[in-house]
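End of the sequence shown sits at 409 in the numbering used here; the numbers just go up one at a time, nothing left out. Below: the structure, in structure tokens.
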Amino acid sequence: MNTRSRHVVAALVAGLMTVPAAACGAHEGTRPDSFTVGLLLPGRVLPRWEQFDKPLIEKRLKELCPRCGMEYANADNDPTRQRQQMTSMITKGVRVLILDAADTRALRSSIQEAHEAGVTVVAYDRLAEGPISGFVSFDGAQVGRLQAETLLTAMGDRARGGNVVMMNGDPASPNAAWFRKGALSVLTGKVKIGRSYDTQGWSTENAHANMSAAIAAVRPERIDGVLAANDAIAAGVISAFKGAHVRELPPVTGQDAELDAVRRIVKGEQYMTVYKPFRAEADAVAAMAVSLGRGGDPRDFAKTAIDSPTTKHIPSVLLTPRAVTVGTIRQTLVKDGVYTIDQICTRQLRPACTKAGLGADS
């Protein structure tokens, strides 16, 4: 976790610790310090949801509110299922919902239902439509800028007037547009965007199909770099190049610091990923959820505000992402305890790890 992220989370927790006394005075008998928080995550395509976010949020909730409970559900990328899960949690009497919407527009009516039932909704990782009370995520524009800046560095002399293919995220996610806007703020006027594709479901298979189409249309030798919105998309991009028997891959970006992506970076197949310290995000949303459950005001520690298509001035915590290349794996992912060297460096990767300066764990 970098210095700015630590300061933000520390401020959140400090703000939270001032809430119980005030809340007890104002809501004594009606807002007891024992309630249930619902956590709704969007799917399993990205390993981070089950591997990092769920356990980290659950642990931090219990630390901040030992008498609180947590209800959990994963939508498996099905908005209809997630609406049903929300209704079920509202019926069970949760006080606060932490929601990472599988489809931000499709969940709008369910968020309205929660609001009418007196259940507070905090949008997590991606901004949802409807009457939400807070938002916790990473700065999406900065994610896109990091990807674009690092891609230009990797392209070297070809960064001036070179040909870039943009492999964007799922258009159903507002984050996809956020990332793309940030990337274009760097790329516009410096390179040519040879092709640009949206990737339904953020899926590797769809990314493979789109990249195969780009290779056929543009020819691989004329593709100088690929702006892939996340690691799952990067995997599809790289498999498409391999399927076309391209030996020298252009630099490919990513996001989410998935273990397979880190290994691809070590092998030299993927140039970078964007690391979003999951613990900082989990800590921040847990602090906001507990404060709201106790009757607190998220504006006490959310230092910025953001607008959704339906709601203005949503109290927001936007954390700082970090670019990771082969030379910075140790001081980011390993240092923060996301992965060990042994996890990254499989038997087949040991020569590449040695070359990259990733020796065995001490």
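Using N, Cα and C, we set each Cβ at its ideal position, and we do this for glycine too. As the structure is a computational prediction, the values presented were derived from the model and not from experiment.
Checklist entry - Taking DSSP as the reference, what is the three-state secondary structure of residue 118? => result strand
Next on the checklist: Classify residue 283: buried if its beta carbon has 16 or more other beta carbons within 10 angstroms, exposed otherwise.
Outcome noted: buried
Checklist entry - What's the call for residue 113, buried or exposed, on a 16-neighbour Cβ count within 10 Å? => result Exposed, since its Cβ has fewer than 16 Cβ neighbours within 10 Å.
Item to check | Length of the line joining the Cα atoms of residue 367 and residue 186 | outcome: 6 Å
Next on the checklist: Between the alpha carbons of residue 372 and residue 188, how many angstroms are there, rounded?
Outcome noted: 19 Å
Checklist entry - In terms of residue numbering, what span does the beta strand (DSSP E) encompassing residue 136 cover? => result Unbroken run through residue 136 is the alpha helix (DSSP H), 126-139; no beta strand (DSSP E).
Checklist entry - Start and end of the alpha helix (DSSP H) containing residue 281? => result That run of the alpha helix (DSSP H) goes 278-290.
Checklist entry - Exposed or buried, residue 378, counting other C-beta atoms within 10 Å across all chains shown (16 or more means buried)? => result exposed
Checklist entry - Is DSSP giving residue 362 helix, strand or coil here? => result strand
Next on the checklist: Using the three-state DSSP reduction, which class does residue 296 fall into: helix, strand or coil?
Outcome noted: coil
Checklist entry - Buried or exposed: where does residue 138 fall if 16 or more other Cβ atoms within 10 Å of its Cβ makes it buried? => result exposed
Item to check | Beta-carbon gap between residue 222 and residue 173 smaller than 8 Å | outcome: Cβ atoms of residue 222 and residue 173: closer than 8 Å.
Checklist entry - Out of curiosity, what's the CA-to-CA distance linking residue 232 and residue 311? => result Rounded to the nearest whole angstrom, the CA to CA distance from residue 232 to residue 311 is 27 Å.
Item to check | Cα-Cα separation between residue 13 and residue 387, rounded to whole angstroms | outcome: No information on residue 13 is available, as it lies outside the stretch 48 to 409 that the chain covers here.
Item to check | For residue 154, three-class secondary structure by DSSP | outcome: coil
Item to check | Contact under 8 Å by Cβ, residue 205 with residue 230 | outcome: no
Checklist entry - So residue 351 is in the beta strand (DSSP E); what residue range does that whole segment cover? => result Per DSSP, residue 351 belongs to the beta strand (DSSP E) from 351-353.
Checklist entry - Excluding five sequence neighbours on each side, which residues of the same chain lie with their C-beta closer than 6 Å to the C-beta of residue 239? => result 210
Checklist entry - Going by DSSP, what residues sit across from residue 412 in a beta bridge? => result Residue 412 lies beyond the stretch modelled for the chain, which goes from 48 to 409, so this question has no answer here.
Checklist entry - Between which two residues does the alpha helix (DSSP H) containing residue 405 stretch? => result Counting along the chain, residue 405 falls outside any alpha helix (DSSP H), and DSSP gives it neither H nor E.
Checklist entry - CB-CB under 7 Å to residue 333, same chain, minus the five flanking residues each way: which ones, in chain order? => result 104, 107, 108, 111
Item to check | Element boundaries [alpha helix (DSSP H), containing residue 369] | outcome: Premise fails: residue 369 lies in the beta strand (DSSP E), 369-371, not in any alpha helix (DSSP H).
Item to check | Rounded distance between the beta-carbons of residue 355 and residue 441, thought under 8 Å | outcome: This structure cannot settle anything about residue 441, because the visible part of the chain is limited to 48 through 409.
Checklist entry - Below 8 Å between beta carbons: does that hold for residue 169 and residue 335? => result yes
Next on the checklist: Strictly by DSSP, which residues pair up with residue 182?
Outcome noted: 170, 363
Checklist entry - Does the region 323-332 come close enough to the region 286-300 to have 3 or more Cβ pairs within less than 8 Å? => result no
Next on the checklist: I need the straight-line Cα distance from residue 224 to residue 236, nearest angstrom please.
Outcome noted: So the two alpha carbons sit approximately 19 Å from each other.
Checklist entry - Where does the unbroken beta strand (DSSP E) through residue 92 begin, and where does it stop? => result Taken as a continuous stretch (DSSP letters only), residue 92 belongs to no beta strand (DSSP E), as it is neither H nor E.
Next on the checklist: Spatial neighbours of residue 403 within its chain, please: C-beta separation below 7 Å, excluding the five flanking residues on both sides.
Outcome noted: 313, 373
Item to check | Alpha-carbon to alpha-carbon, residue 262 and residue 290 | outcome: 10 Å
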